[in-house]
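Per the UniProt record's numbering, residue 1 is the first one in the sequence shown, and the count goes up by one each step. The beta-carbon is built from N, C-alpha and C at its ideal position, and this holds for glycine as well.
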Amino acid sequence: MAQVLGEIQSQYPGQISVMYYDNSSEQRMFDKYNVSIVPTLIILGPSGSVMYRHEGAIPKDELISTLKSMNLIHD
1 MAQVLGEIQS QYPGQISVMY YDNSSEQRMF DKYNVSIVPT LIILGPSGSV MYRHEGAIPK
61 DELISTLKSM NLIHD
């Protein structure tokens, strides 16, 4: 998932910020967002509230479609 997120961030520069947490070093973030499945993708809004959550792998094209439908990235 980290590779896909990195590719999307490169493909849409300046449009999204990606933060990647490893459960071995950032357990507090896993606890804060109740992450029990790896990978889990969480998209936060400007206020820090969860706008979108996906547990498990997600194909790049599906993630791009989701981000576009949320008006987070644009061609």
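Alpha carbon of E7 to alpha carbon of Y33, nearest angstrom: 24 angstroms
Backbone secondary structure at I42 - three-state DSSP: strand
Assigned exposure category for V35 - 16 Cβ within 10 Å defines buried: buried
The alpha helix (DSSP H) enclosing residue 88, as first and last residue numbers: Missing from the structure shown is residue 88; the chain here goes from 1 to 75 and no further.
CB contact flag (V38, N23, <8 angstroms): yes
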